[in-house]
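Chemist: Please find one structure pasted underneath; my questions will follow.
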Amino acid sequence: MLLAHGADLHVRDDEPLCEAAAHGHLRLLHLLMAAGADLHAASDAPLRCAARGGHVDVVRALLDAGADARASGGVQALRAAARGGWLHVVTTLVAAGADLSDPDFRACALRSRSISRALNISAELPSNRFTFQ
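End of the sequence shown sits at 135 in the working numbering; the numbers just go up one at a time, nothing left out.
Written out as C-alpha coordinates, the structure is:
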(Lines of atoms letter the chains of each structure in order from A; the text may use other names.)
(Lines give C-alpha, C1' and ligand atoms only; values in the text may rest on other atoms or scores of the structure.)
Protein backbone atom coordinates (compact mmCIF):
# COMPACT_ATOMS: atom_id res chain seq x y z
CA MET A 3 0.00 0.00 0.00
CA LEU A 4 2.78 2.45 0.87
CA LEU A 5 4.58 1.63 -2.38
CA ALA A 6 1.41 2.34 -4.34
CA HIS A 7 1.36 5.79 -2.77
CA GLY A 8 4.96 6.61 -3.63
CA ALA A 9 6.94 5.48 -0.58
CA ASP A 10 10.68 5.63 -1.25
CA LEU A 11 12.26 2.16 -1.29
CA HIS A 12 15.76 3.56 -1.26
CA VAL A 13 15.59 5.55 1.97
CA ARG A 14 19.03 5.37 3.63
CA ASP A 15 20.65 2.63 1.51
CA ASP A 16 17.52 0.54 0.99
CA GLU A 17 16.87 0.27 4.71
CA PRO A 18 13.35 -1.17 4.20
CA LEU A 19 14.88 -4.21 2.46
CA CYS A 20 17.39 -4.67 5.28
CA GLU A 21 14.65 -4.40 7.90
CA ALA A 22 12.53 -6.99 6.09
CA ALA A 23 15.56 -9.30 5.92
CA ALA A 24 16.49 -8.73 9.57
CA HIS A 25 13.04 -9.72 10.78
CA GLY A 26 12.57 -12.67 8.42
CA HIS A 27 9.71 -11.14 6.43
CA LEU A 28 10.11 -13.18 3.26
CA ARG A 29 6.92 -11.97 1.54
CA LEU A 30 7.81 -8.34 2.18
CA LEU A 31 11.35 -8.97 0.98
CA HIS A 32 10.03 -10.35 -2.33
CA LEU A 33 7.63 -7.42 -2.66
CA LEU A 34 10.40 -4.87 -2.10
CA MET A 35 12.77 -6.59 -4.53
CA ALA A 36 10.03 -6.78 -7.17
CA ALA A 37 9.50 -3.04 -6.69
CA GLY A 38 13.18 -2.37 -7.37
CA ALA A 39 14.91 -2.38 -3.98
CA ASP A 40 18.67 -2.87 -4.35
CA LEU A 41 19.83 -6.02 -2.58
CA HIS A 42 23.44 -4.86 -3.01
CA ALA A 43 22.90 -1.55 -1.20
CA ALA A 44 25.36 -0.81 1.58
CA SER A 45 27.67 -3.76 0.81
CA ASP A 46 24.98 -6.44 0.71
CA ALA A 47 23.58 -5.32 4.06
CA PRO A 48 20.31 -7.26 3.58
CA LEU A 49 22.27 -10.54 3.41
CA ARG A 50 24.14 -9.64 6.60
CA CYS A 51 20.88 -8.61 8.33
CA ALA A 52 19.16 -11.89 7.43
CA ALA A 53 22.19 -13.94 8.52
CA ARG A 54 22.43 -12.13 11.86
CA GLY A 55 18.81 -13.06 12.59
CA GLY A 56 19.23 -16.68 11.51
CA HIS A 57 16.64 -16.37 8.74
CA VAL A 58 17.88 -19.08 6.38
CA ASP A 59 14.86 -18.78 4.06
CA VAL A 60 15.58 -15.07 3.59
CA VAL A 61 19.31 -15.77 3.10
CA ARG A 62 18.42 -18.30 0.38
CA ALA A 63 16.04 -15.84 -1.29
CA LEU A 64 18.71 -13.13 -1.34
CA LEU A 65 21.32 -15.53 -2.72
CA ASP A 66 18.84 -16.70 -5.38
CA ALA A 67 18.21 -13.05 -6.28
CA GLY A 68 21.93 -12.42 -6.79
CA ALA A 69 23.47 -11.55 -3.42
CA ASP A 70 27.10 -12.68 -3.48
CA ALA A 71 28.29 -14.85 -0.60
CA ARG A 72 31.87 -14.33 -1.84
CA ALA A 73 31.75 -10.51 -1.66
CA SER A 74 32.63 -8.52 1.46
CA GLY A 75 28.96 -8.46 2.47
CA GLY A 76 28.91 -12.24 2.25
CA VAL A 77 31.91 -12.54 4.56
CA GLN A 78 30.18 -10.18 6.99
CA ALA A 79 27.05 -12.32 6.73
CA LEU A 80 29.11 -15.44 7.45
CA ARG A 81 30.59 -13.80 10.56
CA ALA A 82 27.15 -12.65 11.72
CA ALA A 83 25.69 -16.14 11.32
CA ALA A 84 28.62 -17.69 13.19
CA ARG A 85 28.30 -15.15 16.03
CA GLY A 86 24.65 -16.08 16.40
CA GLY A 87 25.35 -19.81 16.24
CA TRP A 88 23.13 -20.19 13.16
CA LEU A 89 24.63 -23.36 11.68
CA HIS A 90 21.97 -23.67 8.97
CA VAL A 91 22.76 -20.13 7.77
CA VAL A 92 26.52 -20.76 7.89
CA THR A 93 26.17 -23.94 5.81
CA THR A 94 23.92 -22.14 3.30
CA LEU A 95 26.49 -19.37 2.87
CA VAL A 96 29.34 -21.89 2.62
CA ALA A 97 27.43 -23.79 -0.07
CA ALA A 98 27.08 -20.47 -1.93
CA GLY A 99 30.85 -19.96 -1.84
CA ALA A 100 31.46 -17.84 1.27
CA ASP A 101 35.15 -17.53 2.17
CA LEU A 102 35.97 -19.69 5.18
CA SER A 103 39.54 -18.43 5.40
CA ASP A 104 38.49 -15.14 7.00
CA PRO A 105 40.19 -15.02 10.45
CA ASP A 106 37.29 -13.14 12.03
CA PHE A 107 34.89 -15.86 10.87
CA ARG A 108 37.15 -18.47 12.45
CA ALA A 109 37.09 -16.63 15.78
CA CYS A 110 33.29 -16.36 15.65
CA ALA A 111 32.89 -20.01 14.64
CA LEU A 112 34.98 -21.21 17.58
CA ARG A 113 32.39 -19.71 19.93
CA SER A 114 29.75 -22.09 18.61
CA ARG A 115 30.29 -25.78 19.29
CA SER A 116 27.89 -26.88 16.52
CA ILE A 117 29.57 -24.67 13.93
CA SER A 118 33.13 -25.52 14.92
CA ARG A 119 32.26 -29.24 14.90
CA ALA A 120 30.41 -29.09 11.57
CA LEU A 121 33.27 -27.23 9.91
CA ASN A 122 35.97 -29.14 11.80
CA ILE A 123 37.55 -25.98 13.22
CA SER A 124 40.08 -26.43 16.01
CA ALA A 125 41.44 -23.74 18.30
CA GLU A 126 44.69 -25.66 18.70
CA LEU A 127 45.51 -26.18 15.04
CA PRO A 128 45.22 -22.94 13.06
CA SER A 129 44.25 -23.69 9.50
CA ASN A 130 42.57 -21.95 6.62
CA ARG A 131 41.11 -25.22 5.34
CA PHE A 132 37.76 -26.35 6.64
CA THR A 133 35.70 -29.38 5.75
CA PHE A 134 32.20 -30.47 6.64
CA GLN A 135 32.07 -33.60 8.78
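Glycine is no exception: its CB is placed at the ideal position from the N, C-alpha and C atoms.
For LEU31 and ALA24, what's the separation of their Cα atoms in angstroms?
Modeler: Counting from 1 along the sequence shown, the entry for residue 31 is found at position 29. Counting from 1 along the sequence shown, the entry for residue 24 is found at position 22. Each residue's alpha carbon lies about 10 Å from the other.
Chemist: Taking 7 Å as the cut-off, does the CB of ARG72 come closer than this to any heavy atom belonging to the ligand SAH?
Modeler: With respect to the ligand SAH, the structure shown offers nothing to examine, as it has no ligands at all.
Chemist: Is the Cβ-Cβ distance between ALA111 and ARG72 less than 8 Å?
Modeler: Looking up residue 111 in the sequence shown gives position 109. Looking up residue 72 in the sequence shown gives position 70. No, the pair does not count as a contact, with Cβ atoms beyond the cut-off.
Chemist: How is the alpha helix (DSSP H) around HIS57 delimited, first residue to last?
Modeler: On the sequence shown, residue 57 is found 55 positions in, with the first residue counted as 1. Per DSSP, HIS57 belongs to no alpha helix (DSSP H) and is neither H nor E.
Chemist: Helix, strand or coil for HIS27, going by three-state DSSP, please let me know.
Modeler: Residue 27 sits at position 25 when you count from the first residue of the sequence shown. DSSP places HIS27 in coil when its eight states are reduced to three.
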